[in-house]
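Chemist: These protein sequences, in sequence, are chains A and B.
Each residue of the first sequence is one higher than the one before, counting from 229 in this note's numbering.
Each residue of the second sequence is one higher than the one before, counting from 13 in this note's numbering.
Even for Gly, the Cβ is constructed at its ideal location relative to N, Cα and C.
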Amino acid sequence: MAITVQIPTALRRHTAGVSSIACAATNLGELFSVLDEKFPALKPHLRDEAGQLRRFLNIYVNEEDIRFLGGPGYAFQDGDEVLLVPSIAGG
Amino acid sequence: MGRFFGPLVLSYSLSQKASSPMAQYELRCRECGRSWGNQPRSICDECFSPLEITYDYDSIQASISEGTFSRERIAQRPPNMWRYSELLPLPEGFEPRLPVGFTPLLHAPTLAARLAGSQNDAKAAAQNLYIKNDAVCLPTLSFKDRVVAVALAQAKAFGFDTVACSSTGNLANAVAAHAARLGLKAWIFIPSDLEPAKILGTQVFGANVVRIAGNYDQVNRLCSQIAEERRWGFVNVNLRPYYAEGSKTVGFEIAEQLGWRLPDNVVVPMAGGSLIVKIKKAFDELSKLGLVEEKPVKFFGAQATGCSPISTAVKTGSSEIDPQKPATIARSLAIGNPADGHYAIKTIKHSGGWSEDVSDPEVIDSIRLLAETEGIFTETAGGVTVGSAGKLYRQDRILPEETTVLCITGNGLKTTDVLAGVFEVERPIAPKLAEFEKYLSETLDTIEAAKEIPATVGA
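(1) For B:E306, I'd like the list of residues in its chain whose CB is within less than 7 angstroms of its CB, leaving aside the five on either flank, ordered along the chain.
(2) Quick one: using the 10 Å Cβ neighbour count with 16 as the cut-off for buried, is B:V160 buried or exposed?
(3) How would you label B:C419, buried or exposed, when you count the other beta carbons within 10 angstroms and need 16 or more for buried?
(4) Quick one: is B:A165 buried, meaning 16 or more other Cβ sit within 10 Å of its Cβ, or exposed?
(5) Quick one: what does DSSP say A:S248 is sitting in, helix, strand or coil?
(6) Residues of chain B with a CB under 7 angstroms from the CB of A:P236: which are they?
(7) Taking B:P412 as the reference, which of B:W94, B:A134, B:P108 has the closest Cα?
(8) What does A:V289 pair with, by DSSP beta-bridge criteria?
(9) What does DSSP give as the partner residue(s) for B:K197 in the beta ladder?
(10) Can you check whether the CB of B:Q269 is closer than 8 angstroms to the CB of B:L382?
(11) Who are B:C41's beta bridge partners in DSSP?
(12) Strictly below 7 angstroms CB to CB, what residues from chain E border B:D57?
(13) In the DSSP output, what is B:D369 paired with across the bridge?
(14) Indicate the three-state DSSP secondary structure (helix, strand or coil) for B:S82 in the structure shown.
(15) Please report the straight-line C-alpha distance between B:V341 and B:G113, rounded to a whole angstrom.
(16) Can you give me the Cβ contacts of A:P300 inside the same chain, cut-off strictly under 6 angstroms, excluding the 5 residues immediately before and after it?
(17) Compare the C-beta of B:P335 with all C-beta atoms of chain A and state if any pair is closer than 8 angstroms.
(18) Note down, in chain order, every chain B residue with its Cβ under 7 angstroms from the Cβ of A:V302.
(19) Buried or exposed: which applies to B:A35, given that a residue is buried once 16 or more other Cβ atoms fall within 10 Å of its Cβ?
(20) Report the CB separation of B:R311 from B:V278 in whole angstroms; it is logged as a contact under 8 angstroms.
(21) Hey, does A:R282 have any beta-carbon neighbour from chain B nearer than 8 angstroms?
(22) Which residues of the segment 214-242 of chain B have a Cβ closer than 9 angstroms to any Cβ of chain A? Give them in chain order.
(23) In the structure shown, what three-state DSSP assignment does B:Q407 receive?
(24) Provide the residue span of the alpha helix (DSSP H) that contains A:S261, from first to last.
(25) Counting beta carbon pairs with one atom in the segment 278-294 of chain B and one in the segment 341-357 of chain B, are three or more of them shorter than 8 angstroms?
(26) Name the residue from B:Y254, B:C177, B:W244 whose alpha carbon lies nearest to the alpha carbon of B:R223.
(27) Measure from the C-beta of B:A35 to each C-beta in chain A and report whether the shortest distance is under 8 angstroms.
(28) Quick check: the Cα distance between A:D264 and A:L270, rounded to an integer number of angstroms?
(29) Measure the beta-carbon distance from B:E386 to B:A120 and round it to whole angstroms, keeping in mind my assumption that it falls under 8 angstroms.
(30) Spatial neighbours of B:N232 within its chain, please: C-beta separation below 6 angstroms, excluding the five flanking residues on both sides.
(31) Report the CB separation of B:I376 from B:T390 in whole angstroms; it is logged as a contact under 8 angstroms.
(32) Give me the Cα-Cα distance between B:V247 and B:A137, rounded to the nearest whole angstrom.
(33) Hey, B:G79 and B:R406 are a contact pair by Cβ (cut 8 angstroms); roughly how many whole angstroms apart?
(34) Can you give me the Cβ contacts of B:P308 inside the same chain, cut-off strictly under 6 angstroms, excluding the 5 residues immediately before and after it?
(35) Answer with yes or no whether the minimum CB distance from A:P268 to chain B is below 8 angstroms.
(36) Put B:T122 into one of helix, strand or coil per three-state DSSP.
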C-alpha cells in the first residue's frame with residue numbers, strides 16, 4: 229500500500245525543496261512519524277509544543293477535509309493523496 | 013516597530029485636497045507574534061497561523077493630538093471609507109478611485125417593534141434599534157466593496173497585474189468591478205451553484221469566472237493551491253490581511269454615525285467570521301485612540317442553521333470549529349470551515365454576546381419583514397441577521413433599552429431567486445376605471461383575509 233503526500237511551498241524550506249513523497253503510512257499518526265524521520269526540521273511546524281496538530285494546519289485526503297472522513301483516525305487507502313494546507317483563508 | 017513601508021502619504025482625489033498622514037503598519041503573526049513586514053502573504057511560515065495588520069498607534073495618536081485626525085477633521089472629509097485612512101493599511105501615494113462605504117445608519121423603529129416582545133418592549137426597542145445598511149454600499153451593493161478596495165490598493169502596490177478570489181458571490185462582484193476600474197485582470201472562482209444574479213454581476217465586468225463543481229470550502233482550498241503556483245493577487249488568500257482590514261470601516265462608521273459613541277450590541281452575519289472580529293478591532297482602536305469613550309459592546313453572530321459552524325461552537329461552549337457541509341439558501345454565508353471561526357468565537361464569548369441561527373424559511377420571512385417594515389431589501393444574509401436578532405430579543409439576550417445595530421451586508425436584488433414563487437404574478441386588467449374598481453374591491457378582500465394569518469417572524 230502506498231499514499232502520496234503533497235508538501236506545500238511554505239514547508240519546502242524544511243524538506244530541502246521536496247514537494248511530495250510516497251510512503252506506506254496507514255493513518256495520520258504514522259504519516260507524521262514518517263515525516264519526522266525524513267524531515268526532522270518539519271516537526272515543530274506541524275505540531276505545537278504539546279504535540280497537537282497545529283490549529284491552522286488543514287489535512288485533506290483526495291480533496292476532502294480529513295475531519296469529514298472521521299478525523300485523525302481515518303485509515304488511509306491505497307493511492308490516497310494527502311494534502312497539507314496551511315491556514316485556509318477565504319471568507 | 014520593525015520594518016515598515018512608510019512614512020506614507022495619501023493624496024485624496026476623491027476626497028479633500030490636503031494630504032493626510034498615513035499610519036505605519038506591518039504584518040504580524042496573530043499567534044506567535046513574528047513580524048513579516050509588508051508583503052503578499054496571509055500565513056506565518058513558523059506556525060501557520062493567520063497574519064494580522066499591526067499599526068504604529070503612537071504615530072496615529074500623534075496625528076490626533078496635532079488635530080489632523082480628530083473627530084472634527086474626520087467629519088470634514090468626504091463621506092466614504094477613505095475618511096479613516098489613518099487606520100487602514102494603504103500604500104504610499106494611494107489615490108482612491110471609488111467612493112466606497114459610508115452607508116446609511118438607519119433608525120429602525122417599525123422593525124424594532126416587531127422584533128421586541130411586549131408593547132412596552134416594542135416602544136423601548138423602537139428608540140434603540142439601527143440598521144447599518146451596506147445593501148447600498150458602492151459600487152456592487154455589499155460590504156465586500158470595502159475589503160476589496162483595500163486589497164486592490166495593495167495589489168497595485170505589490171505589482172500584481174491579475175487579481176483573483178474564491179467567492180460566495182458578493183466578493184466576486186466586488187473584485188470584478190474594482191479590477192475593471194483599476195485596469196487589472198480578474199479571475200474569480202465560485203461554487204457552481206451560485207445565484208445567477210451574482211454570476212452575471214461578475215461576468216458583466218469582464219472578469220474570468222471559473223465555476224467549480226464543489227462547495228465554497230473546496231473552491232477555497234483550490235485557490236490556496238493556485239495562489240502558490242501563480243503570481244496573482246488573491247484578495248482573500250495572499251492579500252487577506254490587508255483585505256480584512258477594510259471591514260473595520262463598518263465599525264468606524266457605526267461609531268461616528270451614532271455621534272462618536274459605541275452601541276451596546278452589534279448583530280453581525282458570519283461566513284468566514286472575519287467581519288465580526290474586525291468590527292471589534294475597529295471599536296477597540298477608536299477607544300484606544302480616545303475617539304470614542306470605551307465601553308463594553310456585546311457581539312452577536314448570526315448564521316443560517318444549514319451552515320452554522322460558529323453558532324454551533326458558541327452554543328456548545330467549544331472554542332474550536334467543527335466544519336460542516338453547507339446546506340442553506342444563504343449561499344453568501346455558506347462557509348463550512350470558516351477561516352476566522354476561532355477568532356469569531358473568542359470575540360463573541362469575551363464580549364458576553366451569543367450566536368443564533370435561523371432556518372431557510374425564517375430567512376425568507378425575515379427578508380420580507382425588513383423590507384415591509386423599513387423599506388430595505390436585503391439578500392439572504394440580511395434575512396439571517398434579522399431573523400437571528402428576533403431570536404436574541406425574544407431570549408432577552410438583547411434588551412429593548414440597549415442601543416443595537418444590525419449589520420445588513422448585501423442587497424436583495426442579488427438573491428431574488430430565493431423569493432421565486434413567494435409572490436403571485438398579478439393578472440393584467442383592462443385599462444378601464446370599472447375594471448380597476450372591481451380589481452380593487454377583490455384585492456382589499458384578499459388583504460383582509462390575509463391579516464387573519466399570523467406572521468411567523470417577529471411576532
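Modeler: So, to answer that:
(1) The residue you call residue 306 of chain B lines up with position 294 of the second sequence. Excluding positions up to five away in sequence, the list reads S299.
(2) As a first step, residue 160 of chain B is located in the second sequence; it is residue number 148 there, counting from the start. B:V160 comes out buried.
(3) Here residue 419 of chain B is taken as the residue at index 407 of the second sequence, counted from 1. Label assigned to B:C419: buried.
(4) For the purposes of this step, residue 165 of chain B is identified with residue 153 of the second sequence, where counting begins at 1. It is buried - the Cβ of B:A165 has at least 16 other Cβ atoms within 10 Å.
(5) Position 20 of the first sequence, counted from the first residue, corresponds to residue 248 of chain A. Of the three classes helix, strand and coil, the one that applies to A:S248 here is strand, per DSSP.
(6) Residue numbering aside, residue 236 of chain A sits at position 8 when the first sequence is read from its first letter. Here the neighbours are E240.
(7) Taking the first residue of the second sequence as position 1, residue 412 of chain B is located at position 400. Comparing Cα-Cα distances from B:P412 to each of B:W94, B:A134, B:P108, the minimum goes to B:A134.
(8) In the first sequence, residue 289 of chain A corresponds to position 61, counting from 1. The partner list for A:V289 (beta bridge, DSSP) reads A:E292, A:V310.
(9) For this step, residue 197 of chain B is matched to residue 185 along the second sequence. Bridge partners of B:K197: B:T174.
(10) Looking up residue 382 of chain B in the second sequence gives position 370. Looking up residue 269 of chain B in the second sequence gives position 257. Cβ distance not < 8 angstroms, so B:L382 and B:Q269 don't count as in contact.
(11) Counting from 1 along the second sequence, the entry for residue 41 of chain B is found at position 29. B:L63, per the DSSP bridge assignment.
(12) Going by chain labels, chain E is absent from the structure shown, which instead holds the protein chains A and B.
(13) On the second sequence, position 357 is the one that residue 369 of chain B refers to. Note: B:D369 sits in a beta bridge opposite B:Q315.
(14) For the purposes of this step, residue 82 of chain B is taken as the residue at position 70 of the second sequence. Reduced to three states, the DSSP call for B:S82 is coil.
(15) One-based indexing of the second sequence puts residue 341 of chain B at position 329. One-based indexing of the second sequence puts residue 113 of chain B at position 101. According to the sequence provided, residue 341 of chain B is Ile. The question's Val does not apply to it. Taking the straight line from one Cα to the other gives about 26 angstroms.
(16) Along the first sequence, one-based indexing puts residue 300 of chain A at 72. Excluding residues within five positions, the ones whose Cβ falls inside 6 angstroms are L256.
(17) Sequence index remark: in the second sequence, residue 335 of chain B carries index 323 (1-based). So, interface residue.
(18) Position 74 of the first sequence, counted from the start, is the residue given in the question as residue 302 of chain A. Going by the sequence as given, residue 302 of chain A is Tyr instead of Val. Those within 7 angstroms of A:Y302 in chain B number zero; the least Cβ separation is about 14 angstroms.
(19) By 1-based counting over the second sequence, the position of residue 35 of chain B is 23. Interpretation of B:A35 is limited by its pLDDT of 49, a score under 50 that renders its predicted location unreliable; no figure is taken from the coordinates.
(20) Reading the second sequence from its first residue, position 299 is the one you call residue 311 of chain B. Reading the second sequence from its first residue, position 266 is the one you call residue 278 of chain B. Checking the sequence, you will find Phe at residue 311 of chain B rather than Arg. Right, their Cβ atoms sit about 6 angstroms apart.
(21) As a position in the first sequence, residue 282 of chain A is number 54, starting the count at 1. For A:R282, the answer is yes, since a Cβ of chain B falls inside 8 angstroms of its Cβ.
(22) G226, Y228, D229, Q230, V231, N232, R233, L234, C235, S236, Q237, A239, E240, E241
(23) In the second sequence, counting from the first residue as 1, residue 407 of chain B sits at position 395. Coil at B:Q407, not helix or strand.
(24) Counted from its first residue, the first sequence places residue 261 of chain A at position 33. Its alpha helix (DSSP H) spans residues 256-266.
(25) yes
(26) Taking the first residue of the second sequence as 1, we reach residue 223 of chain B at position 211. Checking every option, the nearest Cα to that of B:R223 belongs to B:C177.
(27) Mapped onto the second sequence, residue 35 of chain B falls at position 23. Any answer about B:A35 is weak, because its pLDDT of 49 lies below 50 and its placement is not dependable; what the coordinates show is given next. Not one chain A Cβ lies under 8 angstroms of B:A35.
(28) Start at 1 with the first residue of the first sequence, and residue 264 of chain A comes out as number 36. Start at 1 with the first residue of the first sequence, and residue 270 of chain A comes out as number 42. So the alpha carbons of these two residues sit roughly 7 angstroms apart.
(29) In the second sequence, counting from the first residue as 1, residue 386 of chain B sits at position 374. In the second sequence, counting from the first residue as 1, residue 120 of chain B sits at position 108. Between B:A120 and B:E386 the Cβ distance is about 5 angstroms, and since that is below 8 angstroms, they are a contact.
(30) Here residue 232 of chain B is taken as the residue at index 220 of the second sequence, counted from 1. So the qualifying residues of the chain are S178.
(31) As a first step, residue 376 of chain B must be located in the second sequence, where it is residue number 364. As a first step, residue 390 of chain B must be located in the second sequence, where it is residue number 378. With 8 angstroms as the limit, B:I376 and B:T390 do not qualify as a contact, their Cβ atoms being about 11 angstroms apart.
(32) Taking the first residue of the second sequence as 1, we reach residue 247 of chain B at position 235. Taking the first residue of the second sequence as 1, we reach residue 137 of chain B at position 125. The alpha-carbon atoms of B:V247 and B:A137 are separated by roughly 39 angstroms.
(33) Here residue 79 of chain B is taken as the residue at index 67 of the second sequence, counted from 1. Here residue 406 of chain B is taken as the residue at index 394 of the second sequence, counted from 1. Not confirmed; about 46 angstroms, so no contact.
(34) The residue you call residue 308 of chain B lines up with position 296 of the second sequence. For B:P308, where only same-chain residues beyond five positions count, there are no Cβ hits under 6 angstroms.
(35) Position 40 of the first sequence, counted from the start, is the residue given in the question as residue 268 of chain A. No, its Cβ sits nowhere closer than 8 angstroms to a Cβ of chain B.
(36) As a first step, residue 122 of chain B must be located in the second sequence, where it is residue number 110. Three-state result, B:T122: helix.
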